[in-house]
Amino acid sequence: MLWLKNLLQLPFLLPLEDTGIDHSSIRDLNWGDINFLHTTDTHGWLSGHFNQKQYDANWGDFISFTSQMKSKAHSQGQDLIVVDTGDRHDGNGLSDATVPNGNKSLPIFAKQDYDILTIGNHELYEWENSKTEYEFIASHYGENYVCTNVEILDNDEWKTIGNKYRYFETPINGFRILSFGFLFNFNRNNQNTKVTAIEEVLKTDWFKDIMDKFPEKDLDYVVIIGHIPITHQWKELQVLHKFLRSYYPNIVIQYFGGHSHIRDFVVYDDNSTSLESGRFCETVGWLSIDNKIEGVRKFSRKYIDFNMNSFKYHSKKFGDFQTKQGNEVKQMIEKARQDLNLNEYIGHVGNNYYMDYVPIDDKHSIFKLLSEKILPSLEYPKDSNEERMFIINTGSVRYDLYKGNYTVDTKYIISPFKNDWVKISLPKSLAIKVSAYLNKGGYLNLLPAHQWAQVMNPEKFITTSGHHPGFTTASKNQPYPIKRLTKGYVTHDDFGTDGDDTLHYPTINFPIPNVVDSKQFKHLEESTVDLVFYNFLKWNVIEALIDLDNKDYSQAVEFYSDVYLSEMITNYIKEFGV
Ligand SMILES: *[C@@H]1O[C@H](CO)[C@@H](O)[C@H](O)[C@H]1NC(C)=O
Ligand SMILES: *[C@@H]1O[C@H](CO)[C@@H](O)[C@H](O)[C@H]1NC(C)=O
Ligand SMILES: *[C@@H]1O[C@H](CO)[C@@H](O)[C@H](O)[C@H]1NC(C)=O
Ligand SMILES: [Zn+2]
Ligand SMILES: [Zn+2]
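Below, the structure is given as structure tokens:
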């Protein structure tokens, strides 16, 4: 009967209020005097993840959640602040199937009442996106939009997008907060925008003037929202923190970051921590600060899975969870999806194909699928060489391809980037050296964001053997049968391994190379072949060839095809399925 005794001790068998909610594998949030909810790198995923139940909530649900959490906080005499740290384009049909980009998704996004929000680099590649950020998002949010180091050209004048800072007082406890919004030192922005490196901002008088205007005695918190990875490995926030501490030696400086698409939490000093909350509406970050426990200040963090189970559980709202506003936003999403035909069936996906949950040579690797099936399916342009080799950077794929219907939406999800293919004709023996060269190291920008985050901080991620000093205890000692747990994030951060709100069976992110190739050769003998790659990779390839062949090939780059990777995938799946 030992097994029965053990079973009865499992929390999910205890008599519970019948809420329809799975309580068994959820950890409670710690609430403090001040609490924050954080989103980042949403990239248009406002309709939720249709093929992944564990992220089944949408933006309407999130709005209901936030408002329920705010009421709960207020009824407890606490404040709740909602923040976002940028990247609202490129990754989903809802944002990317419209012209201009974000035309339907941004009005939906803007239904969320953010207390402070800032810009990401995906608002700055295309002028059109920067313009919408300035004219729609920043003006909609008014004083809540904070952007300290990015400017935009408006009638030949450089203008701040929104505000350089926001000072405000919280409604319940009257906490006095000074906040800034920073973007990392990004240089691929369109020319009508200007990014000033943090280091440079710190030297300016206008920035110091703001500090002088708000001395430490007049503040309770400094809050920095940044589209910047929070890890110690990325120096920008460290430099900023050192500077801020010289003005504010004693009060809390709280950071929120983004861009590297991971869950992370870092302690900067006794009174300063930093939270990063994932990507693609998979995560809502939670941070609380409690000042009263035995005179000791306590920081707490959780990564909330973006699903209804978590939202209802944490807000303790079961039957009457949805708010009127939340429901309206759900309808807006539904209507936008219909207008854009996002659910339209294109073809059948019979298996899951992953970016990195399996090794790159596994039959479930999306890169193997691309290299062996999709890339060879592109028609040869007239007058091209009859042998060719493709190179794609792994960052050109944005998300896993899940079993089920392949729809108009899926097309944008897998690879939203519009990039022409170009080619250089080369001796076969030279062409085949290029991918190996690009994989030698460096070139982190060619990888998907969460992969370069992993290269920067290998100690934070589970290894291919499935072992991690921080994870083994988390997955072995938990009193729940592993089989009940869904696969998902098991995050290792500066506070340990209990940050994920939901216990998961850990997924492993296998290392993947910077680029993969697809060799479409007819024989092994030397011949002239076309080396085909995204225009985006042009300078990487030219640099590689200078090193490999001592020659500058920049004049030899020719147009090859305008059938984007996502169109190739779509055409292939439409015809053959995968
Ligand atoms: C959407 O497009 C319409 C028509 O071009 C334009 O008037 C409107 O301002 C756009 N809205 C946003 C949020 O981009
Ligand atoms: C942290 O804040 C507390 C309370 O304000 C203060 O007493 C302490 O000196 C601070 N610690 C550091 C390292 O700044
Ligand atoms: C998949 O597409 C088929 C054909 O259009 C449709 O009948 C079915 O409802 C779709 N399934 C889902 C889960 O959307
Ligand atoms: Zn991003
Ligand atoms: Zn980014």
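To convert, note that position 523 of the sequence shown is 536 in the working numbering; the numbers rise steadily by one, no gaps.
No residue lacks a Cβ here, since even glycine has one placed at the ideal position from N, Cα and C.
Item to check | Three-state secondary structure assigned by DSSP to T420 | outcome: The residue labelled residue 420 in the question sits at position 407 within the sequence shown. In the structure shown, T420 sits in a strand (DSSP, three-state: E or B).
Checklist entry - Below 9 Å between beta carbons: does that hold for Y547 and I405? => result By 1-based counting over the sequence shown, the position of residue 547 is 534. By 1-based counting over the sequence shown, the position of residue 405 is 392. Yes, these two residues count as a Cβ contact at 9 Å.
Item to check | D231 - DSSP class collapsed to helix/strand/coil | outcome: The residue labelled residue 231 in the question sits at position 218 within the sequence shown. DSSP places D231 in helix when its eight states are reduced to three.
Item to check | Three-way DSSP call (helix, strand, coil) for G308 in this model | outcome: If you number the sequence shown from 1, residue 308 lands on position 295. Three-state result, G308: helix.
Checklist entry - For K117, which residues of its own chain have a beta-carbon under 6 Å away from its beta-carbon, when the five flanking residues on both sides are left out? => result As a position in the sequence shown, residue 117 is number 104, starting the count at 1. Cβ within range, chain order: T111, A349.
Next on the checklist: Comparing C-alpha positions only, which one of E213, Y268, L391, Y147 sits nearest to Q578?
Outcome noted: Residue numbering aside, residue 578 sits at position 565 when the sequence shown is read from its first letter. Checking the sequence, you will find Leu at residue 578 rather than Gln. Nearest option by C-alpha distance: L391.
Checklist entry - Are L107 and G57 touching if we call contact CB-CB under 9 Å? => result As a first step, residue 107 is located in the sequence shown; it is residue number 94 there, counting from the start. As a first step, residue 57 is located in the sequence shown; it is residue number 44 there, counting from the start. Cβ atoms of L107 and G57: closer than 9 Å.
Checklist entry - Measuring CA to CA, which of P519, I525, T583 is closest to W465? => result Against the sequence shown, residue 465 aligns to sequence position 452. Out of P519, I525, T583, I525 has the C-alpha closest to the C-alpha of W465.
Next on the checklist: Below 8 Å on the Cβ atoms is my contact criterion, and I expect G271 with D100 to pass it. Report the Cβ-Cβ distance as a whole number of Å.
Outcome noted: One-based indexing of the sequence shown puts residue 271 at position 258. One-based indexing of the sequence shown puts residue 100 at position 87. Yes, they are in contact, since the Cβ atoms of G271 and D100 sit about 7 Å apart, within 8 Å.
Next on the checklist: Quick test of the definition: if touching needs 3 or more C-beta pairs under 8 Å, does the segment 326-340 touch the segment 530-537?
Outcome noted: no
Checklist entry - For R292, does the three-state DSSP call read helix, strand or coil? => result As a working mapping, residue 292 is identified with position 279 in the sequence shown. Three-state result, R292: coil.
Item to check | Nearest-angstrom beta carbon gap, I243 and D277 [assumed within contact, 8 Å] | outcome: The sequence position of residue 277 within the sequence shown is 264, counting from 1. The sequence position of residue 243 within the sequence shown is 230, counting from 1. D277 to I243, Cβ: 6 Å. Contact.
Item to check | Span separating the alpha-carbon of A70 from that of Y370 | outcome: Stepping through the sequence shown from its first residue, residue 70 is reached at position 57. Stepping through the sequence shown from its first residue, residue 370 is reached at position 357. The alpha-carbon atoms of A70 and Y370 are separated by roughly 23 Å.
Next on the checklist: Please classify E136 as buried or exposed, where buried requires at least 16 neighbouring CB atoms within 10 angstroms.
Outcome noted: Residue numbering aside, residue 136 sits at position 123 when the sequence shown is read from its first letter. Classification of E136: buried, given that the 10 Å Cβ count is 16 or more.
Item to check | Sufficient close CB pairs (3 or more, under 8 Å) joining the segment 206-222 to the segment 249-260 | outcome: Note that the segment 206-222 touches the segment 249-260; at least 3 beta-carbon pairs, one per stretch, sit closer than 8 Å.
Checklist entry - By DSSP, does T161 sit in helix, in strand, or in coil? => result On the sequence shown, position 148 is the one that residue 161 refers to. Coil.
Checklist entry - Expressed to the nearest angstrom, what Euclidean distance is found between the alpha-carbon atoms of F484 and L561? => result Counting from 1 along the sequence shown, the entry for residue 484 is found at position 471. Counting from 1 along the sequence shown, the entry for residue 561 is found at position 548. Bear in mind that a pLDDT of 36 at F484, under 50, signals an unreliable position, so the model cannot answer this.
Checklist entry - So what does DSSP say about D225, is it helix, strand or coil? => result Residue mapping note: residue 225 aligns to position 212 of the sequence shown, counting from 1. Here D225 sits in helix by DSSP.
Checklist entry - Which term fits A449, buried or exposed, when burial requires 16 or more other beta carbons within 10 angstroms of its beta carbon? => result Locating residue 449 in the sequence shown gives position 436, counting from the first residue. Answer is exposed; the Cβ neighbour count stays below 16.
Item to check | Sufficient close CB pairs (3 or more, under 8 Å) joining the segment 199-207 to the segment 140-147 | outcome: yes
Item to check | Span of the alpha helix (DSSP H) around I275 | outcome: Position 262 of the sequence shown holds residue 275. That residue, I275, is in no alpha helix (DSSP H); it is neither H nor E in DSSP.
Item to check | CA-to-CA distance, K500 to P519, given in whole angstroms | outcome: Numbered from 1 along the sequence shown, position 506 holds the residue referred to as residue 519. Numbered from 1 along the sequence shown, position 487 holds the residue referred to as residue 500. Roughly 6 Å separates the two Cα atoms.
Next on the checklist: Which residues neighbour ligand 1 when neighbourhood means a C-beta less than 7 Å away from any of its non-hydrogen atoms? List them by chain order.
Outcome noted: P113, G115, N116, L119, P120, T145, F149
Checklist entry - Among G115, A86, Y585, L59, which residue has its Cα nearest to the Cα of H361? => result Residue 361 sits at position 348 when you count from the first residue of the sequence shown. Closest by alpha carbon: Y585.
Next on the checklist: Measuring only the C-alpha atoms, how far is G590 from G512?
Outcome noted: For the purposes of this step, residue 590 is identified with residue 577 of the sequence shown, where counting begins at 1. For the purposes of this step, residue 512 is identified with residue 499 of the sequence shown, where counting begins at 1. Near 39 Å, if we compare the C-alpha coordinates of G512 and G590.
Checklist entry - Hey, how far is the Cα of D506 from the Cα of L288? => result For this step, residue 506 is matched to residue 493 along the sequence shown. For this step, residue 288 is matched to residue 275 along the sequence shown. Computed Cα separation, rounded: 10 Å.
Item to check | Residues of its chain near Q335, where Cβ-Cβ distance is below 7 Å and the 5 sequence neighbours each way are ignored | outcome: Within the sequence shown, the letter at position 322 stands for residue 335. Closer than 7 Å at the Cβ level, and outside the excluded window around Q335, lie S77.
Checklist entry - Near ligand 4, which residues have their beta-carbon closer than 7 Å to a heavy atom? => result Working through the chain, the matches are D54, H56, D100, G133, H135, G271, H272, H274, R292, A462.
Item to check | Heavy atom of ligand 3 within 8 Å of N203 beta-carbon | outcome: Along the sequence shown, one-based indexing puts residue 203 at 190. Checking every heavy atom of ligand 3 against the Cβ of N203, none is found closer than 8 Å.
Checklist entry - How big is the Cα-Cα spacing for L27 and S323? => result As a position in the sequence shown, residue 27 is number 14, starting the count at 1. As a position in the sequence shown, residue 323 is number 310, starting the count at 1. Note that L27 scores a pLDDT of 36, beneath 50, so its modelled location is shaky; the value from the coordinates is reported in the next line. Approximately 19 Å between the Cα atoms of the pair.
Checklist entry - By Cβ distance below 8 Å, which residues in the same chain neighbour P184 in space, the five residues on each side in sequence not counted? => result As a working mapping, residue 184 is identified with position 171 in the sequence shown. Excluding sequence neighbours, P184 sits near H87, D92.
Item to check | For G194 and Q67, the rounded distance between their alpha carbons | outcome: Counting from 1 along the sequence shown, the entry for residue 67 is found at position 54. Counting from 1 along the sequence shown, the entry for residue 194 is found at position 181. Between Q67 and G194, the C-alpha separation is close to 31 Å.
Item to check | Candidates T583, L558, V554, of which the one nearest L459 by Cα | outcome: Walking along the sequence shown from the start, residue 459 turns up at place 446. Checking every option, the nearest Cα to that of L459 belongs to V554.
Checklist entry - With 16 other CB atoms within 10 Å as the buried threshold, where does T286 fall? => result Residue 286 sits at position 273 when you count from the first residue of the sequence shown. By the 10 Å Cβ count, T286 comes out buried.
Checklist entry - How is the beta strand (DSSP E) around A205 delimited, first residue to last? => result As a first step, residue 205 must be located in the sequence shown, where it is residue number 192. The residue asked about is misnamed: residue 205 is Asn in this sequence, not Ala. Per DSSP, N205 lies in no beta strand (DSSP E) segment and is marked neither H nor E.
Checklist entry - So what does DSSP say about S313, is it helix, strand or coil? => result Here residue 313 refers to the residue found at position 300 when the sequence shown is read from its first residue. S313 falls in the strand class under three-state DSSP.
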